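Undergrad:
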Amino acid sequence: MAQLTRKAFFETLAPTVIRIRQEGSPMFPSVRLAQNLLETGGVIHEWFNLGGIKVGSGQTNVYWHGEAVVKGTWEVVDGRNETTRAAFRAYKSVYHFYKDLDMLLNTPRYERVRKALTPERQADMLFACGYATDPSYPSKLKAIINQYSLKKHDAAGTKQVPKPEKLKEAEVIALLYNGLYISSGYLLGGSTWVPARLAGEALGAEIDWTGTQVTVNGDPLESLLSEATGYVPIRAVAAALGFAPVWDPAARVILLK
0 MAQLTRKAFF ETLAPTVIRI RQEGSPMFPS VRLAQNLLET GGVIHEWFNL
50 GGIKVGSGQT NVYWHGEAVV KGTWEVVDGR NETTRAAFRA YKSVYHFYKD
100 LDMLLNTPRY ERVRKALTPE RQADMLFACG YATDPSYPSK LKAIINQYSL
150 KKHDAAGTKQ VPKPEKLKEA EVIALLYNGL YISSGYLLGG STWVPARLAG
200 EALGAEIDWT GTQVTVNGDP LESLLSEATG YVPIRAVAAA LGFAPVWDPA
250 ARVILLK
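Residue numbers (numbering that gives the first Met the number 0): 0 to 256.
#1: State buried or exposed for residue 2, treating a residue as buried only when at least 16 other CB atoms are found within 10 Å of its CB.
#2: May I ask you to report which of helix, strand or coil DSSP gives residue 144?
#3: Between the beta-carbon of residue 227 and the beta-carbon of residue 61, is there less than 8 Å?
#4: Skipping 5 residues on each side, what residues in its chain have a beta carbon closer than 6 Å to that of residue 246?
#5: Let's see if you can read the secondary structure: which residues bound the alpha helix (DSSP H) around residue 173?
#6: Alpha carbon to alpha carbon, what distance is there between residue 48 and residue 88?
#7: Report the option in 224, 169, 256, 225 whose CA atom is closest to the CA atom of residue 238.
#8: Can you tell me whether residue 53 is helix, strand or coil according to DSSP?
#9: Please report how far the alpha carbon of residue 161 lies from the alpha carbon of residue 85, in whole angstroms.
#10: Residue 98: buried (16+ other C-beta within 10 angstroms of its C-beta) or exposed?
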């Protein structure tokens, strides 16, 4: 992906960052977004590693399946910058990357990161716990947070969205498009229902309502109305738009490309 403007970079990532926080991530959205910019320079690569996570032990999990990219990097060793090459993890999506990073941060080593009560403290603790070798890492994160007013995303991460009344027994999953979160899905009875306008317009469709059914580019679909929002099965939307949805049962997400 081409390099984005700073504004576009943050706007592109913010919905996924907020969703991850709502799912219980220990990272403040402001810190996460600042880290992503610092680690990537504002480019969302197709391998979706926005935090410089290396292959490490190579132990796979539900969010990382062993794929890797070898590229140049630099580290501070004995006070000197040293250029080297390293193997970095590659992911199916930004969502998978964030969840894998959260698994790392939930290890005992990063307890102080999890317990940080402010974004500034969390930035300090990322360095103190050994996430980065650059002694300027915390100050760089804080500067980015302040320069781009990223704390405005922290409050959104604390808001919990209730399930639709007619789907209150459903499992909430994430719908991903081009590696990014676009909406919640509600898995019930083998079908995943998504908010038609939110999901459909994110996929480039024209969404309308006949009074009884949602239409996608003029074609009516099976519909469910709850709290004035129309929901449709994701497979029906995908078929209408030429997408092939992929269900990741371990990560509990649907991916569209």
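The beta carbon of each residue, even a glycine, is placed where N, CA and C say it ideally should be. Given the structure is predicted, the values throughout are model-derived calculations rather than measurements.
TA: By the coordinates alone:
#1: Classification for residue 2: exposed.
#2: helix
#3: For residue 227 and residue 61, no; Cβs fall outside 8 Å.
#4: 253
#5: No alpha helix (DSSP H) contains residue 173, which is instead part of the beta strand (DSSP E) from 170-176.
#6: Using only the alpha carbons, I get a separation of about 7 Å.
#7: Out of 224, 169, 256, 225, 256 has the C-alpha closest to the C-alpha of residue 238.
#8: strand
#9: Residue 161 and residue 85: Cα-Cα distance of roughly 43 Å.
#10: Buried, because 16 or more other Cβ atoms sit within 10 Å of the Cβ of residue 98.
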